[in-house]
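Student: Numbering (my numbering), first residue to last: 1124 to 1816. Quick reminder that beta carbons are idealized off the backbone N, C-alpha and C, glycines included. Take this structure, written in structure tokens, and hold onto it; I'll ask about it next.
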């Protein structure tokens, strides 16, 4: 009743103002402005009342000037156009009626003081200006519109008819690579906490050769069992002073600051915290963005801050962005520090002669020939120990190779190198940054294990390696050394050849490295052959995006999975394939301030968390369907693969277990966590619904 009275009062007041300064048409125009203003304030989340009211207003105006027939036609047109407009503005916003109010006012000013045509032109310009201001300065949920006001709407407009165009003219939903439209839609909807189910059945070519099918149990575990929606922690580095109790076997893979923007890193870190998982830093090193996570702005309560922020935005960053006086940190998740051959964040530059003295008896530097007075980069163990003392750091990962470009070190294009990045990494401006493709500290299995042992002893925390599977003999050498010495990496991350990156040579990305589902059973089988499978945790990484990908990778032999690009899609990536150009339109893989501003970490970190919690829920769902109590009871016997038309073979026949274990694992597990019914329902972690379906 209050809003009815207020809207009526605004309409009457507007009509009175219009009649005072003009005549009857002026009164009508200002009455409409008053109605729109009242409805805009009232309908903070819905337009239903506005649609009805505007339809009635259109009918009344046209009836007054053109008669009953034209009025009926106009009303019938106005109703669906408004419904489309409401959808077009992305799930209801009070901005539309307010913008229309300003548009009507501009129309009246042009019509009253100039001409009828001028009124139409003024109305169009006013509406477009309001949309542009809203896109650029007010809304922060859609990076494309924030970075490209007005033009960004074209994407949403094309999406409205995209399904029809693709269905009859262009690609199907399952054709695109590396992630097709079905997968991207699944991730987007999961990130928003809304229904990601499908209707009418799968679009996969279910009987094609190579298709993997999971085999359900006749008697699934009831999802009403409270214990069935929680997992015991997987203990990594059980022999270390500070082992890591990992709550979930689904985590965020290594992506460096530099390859990603500051905002993207912050959103991933806080998203990891909210989903109770960890993230890897990538070889670019640990930064405050990883540790702090998202900075929640509270400066809206401070007028001076708001004024300075407006000036910064109005000058497109020419005026420095002010520091929020009331800023607070959401906080970052648990972190695995990745060390690459460049040792960013942990490097010390000395001469070769000094390095040999400092590292004598620890590393083998004899493989590479350096001049004695040549600058030599070695690892700074003081920095490593200092970082390891932080409880937020749960482990270290020594990167030997990356799936998208094995044999080549990391590359950061010069377009992405800012003064801040150059100072942080200790690299020059204006030229591409190539990381070494091999370590100076070790060059074979024996020297590798010596380095790992030193890191484990110095940090007291789990230390693992990241590899891309090539010749099986290398894994056999590692397994043999593990058996003979009792030493082991605390985890082995196997990166598939289909893995992603910010920049890689096409030929390496296309051809080098074994795909992850081929590589995992090979590594798992070899470790079993030598009786050392339970001495380390096996992690799979590479184009894993959905719950079925997670379950299949674990059944094939992995204990955990790492996901990178799926989390970028959850942050809003549209797969523009511009990661290497510094022109990422969503602000994720760019250092351009103009594009970065479109990415609001306060919105994206919740989406990252939602996406990972959906994966957690779906892993629990697959476990129940297969009739197992933990993911580590999934084996190749739960999988069947089409090997030729109309012929399937169980995966444990294709990749048999060599030790007679039938895939059994004896991994160290923690206690089942306490039941938290506020955060967990019968299907797993509760999602945070942030958009309407």
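In its own chain, which residues sit with a C-beta less than 8 angstroms from the C-beta of residue 1330, not counting the 5 before and 5 after it?
Tutor: 1765, 1768 and 1769.
Student: Which residue from 1657, 1653, 1689 and 1295 puts its Cα closest to that of residue 1670?
Tutor: Per the Cα distances, 1689.
Student: Between the Cα of residue 1178 and the Cα atoms of 1188, 1155, 1190 and 1189, which residue gives the shortest distance?
Tutor: The shortest Cα separation from residue 1178 among 1188, 1155, 1190 and 1189 belongs to 1155.
Student: Exposed or buried, residue 1539, counting other C-beta atoms within 10 Å across all chains shown (16 or more means buried)?
Tutor: Per the 10 Å Cβ criterion, buried.
Student: At what residues does the alpha helix (DSSP H) containing residue 1614 begin and finish?
Tutor: Careful: residue 1614 lies outside any alpha helix (DSSP H), inside the beta strand (DSSP E) at 1614–1618.
Student: Express the C-alpha separation of residue 1564 and residue 1741 in angstroms, rounding to a whole number.
Tutor: Between residue 1741 and residue 1564, the C-alpha separation is close to 42 angstroms.
Student: Should residue 1548 go down as buried or exposed, given a rule of 16 or more other Cβ atoms within 10 Å for buried?
Tutor: Answer is buried; the Cβ neighbour count reaches 16.
Student: Under DSSP, the beta strand (DSSP E) around residue 1627 begins and ends at which residues?
Tutor: Unbroken run through residue 1627: none, as it is neither H nor E.
Student: What residue does the beta strand (DSSP E) around residue 1261 start on, and which one ends it?
Tutor: Where residue 1261 is concerned, there is no enclosing beta strand (DSSP E), given that its DSSP letter is neither H nor E.
Student: Is there contact between the region 1350–1365 and the region 1783–1803, where contact requires at least three CB pairs shorter than 8 angstroms?
Tutor: Verdict: yes, contact present.
Student: Which value, in whole angstroms, describes the spacing of the CA atoms of residue 1812 and residue 1143?
Tutor: If I take the Cα positions, the gap works out to 48 angstroms.
Student: Pair every Cβ in the region 1578–1594 with every Cβ in the region 1630–1641, then say whether three or more of these pairs are closer than 8 angstroms.
Tutor: In short, these stretches touch, since the Cβ pair count reaches three.
Student: Quick check on this structure: which residue in 1312, 1305 and 1311 has the alpha carbon closest to the alpha carbon of residue 1324?
Tutor: It is 1305.
Student: When the Cα atoms are used, what is the spatial distance from residue 1260 to residue 1375?
Tutor: Going by the C-alpha atoms only, they are around 31 angstroms apart.
Student: Straight-line CA distance for residue 1604 to residue 1308?
Tutor: Between residue 1604 and residue 1308, the C-alpha separation is close to 45 angstroms.
Student: Sorted by chain position, which residues of the same chain lie with C-beta nearer than 8 angstroms to residue 1492's C-beta, five sequence neighbours on each side aside?
Tutor: In this prediction, residue 1492 has a pLDDT of 49, which is less than 50 and means its spatial position is unreliable; nothing more can be read from the coordinates.
Student: By Cβ distance below 7 angstroms, which residues in the same chain neighbour residue 1554 in space, the five residues on each side in sequence not counted?
Tutor: These residues qualify, in order along the chain: 1537.
Student: Nearest by alpha-carbon distance to residue 1518: which of 1434, 1462, 1640 and 1530 is it?
Tutor: Of the listed residues, the one whose Cα sits closest to residue 1518 is 1462.
Student: Check this for me: beta carbons of residue 1631 and residue 1530, under 8 angstroms apart or not?
Tutor: Against a cut-off of 8 angstroms, the Cβ pair of residue 1530 and residue 1631 comes out as a contact.
Student: What span of residues does the beta strand (DSSP E) with residue 1767 cover, start to end?
Tutor: Looking at the DSSP string, the run of the beta strand (DSSP E) that includes residue 1767 is 1762–1767.
Student: Roughly how many angstroms lie between the CA atoms of residue 1297 and residue 1328, to the nearest whole one?
Tutor: If you take the alpha carbons of residue 1297 and residue 1328, they lie about 9 angstroms apart.
Student: So, for residue 1557: in the same chain, excluding its five sequence neighbours on each side, which residues have a beta-carbon less than 7 angstroms away from its beta-carbon?
Tutor: Once the five neighbours on either side are set aside, the close Cβ partners of residue 1557 are 1532 and 1534.
Student: Taking the straight line between their C-alpha atoms, what separation do you get for residue 1465 and residue 1381?
Tutor: Taking the straight line from one Cα to the other gives about 14 angstroms.
Student: Helix, strand or coil for residue 1666? Go by DSSP, reduced to three states.
Tutor: Coil at residue 1666, not helix or strand.
Student: Straight-line CA distance for residue 1750 to residue 1641?
Tutor: Rounded to whole angstroms, residue 1750 to residue 1641 spans 25 angstroms at the Cα level.
Student: Among 1665, 1516 and 1725, which has the Cα closest to the Cα of residue 1264?
Tutor: Checking every option, the nearest Cα to that of residue 1264 belongs to 1725.
Student: If you compare alpha carbons, which of 1456, 1467 and 1601 is closest to residue 1503?
Tutor: Looking at the Cα atoms, 1467 is the closest of the given residues.
Student: Buried or exposed, going by whether 16 or more other CB atoms sit within 10 Å of the CB of residue 1277?
Tutor: That one is exposed.
Student: Please look up how many angstroms separate the CB atoms of residue 1682 and residue 1660, rounded, as I've assumed it's under 8 angstroms.
Tutor: The Cβ separation is near 5 angstroms, so the contact holds.
Student: Distance check for residue 1189 and residue 1223, CA to CA, integer angstroms please.
Tutor: Between residue 1223 and residue 1189, the C-alpha separation is close to 22 angstroms.
Student: Cβ atoms of residue 1648 and residue 1761: under 8 angstroms apart, would you say?
Tutor: In this structure, residue 1648 does not lie closer than 8 angstroms to residue 1761 by Cβ.
Student: When the distance is taken between beta carbons, is residue 1806 closer than 8 angstroms to residue 1346?
Tutor: The answer is yes: Cβ separation under 8 angstroms.
Student: Specify the secondary structure class of residue 1306 as computed by DSSP and reduced to three states.
Tutor: The answer is helix: DSSP assigns residue 1306 an H, G or I state.
Student: Answer with buried or exposed for residue 1132, where buried requires no fewer than 16 other C-beta atoms within 10 angstroms of its C-beta.
Tutor: Per the 10 Å Cβ criterion, exposed.
Student: Hey, quick one: how far does the beta strand (DSSP E) through residue 1605 stretch, first residue to last?
Tutor: Careful: residue 1605 lies outside any beta strand (DSSP E), inside the alpha helix (DSSP H) at 1595–1608.
Student: Exposed or buried, which one is residue 1488 when buried takes at least 16 other CB atoms within 10 Å?
Tutor: Note that residue 1488 scores a pLDDT of 49, beneath 50, so its modelled location is shaky and nothing firm can be said.
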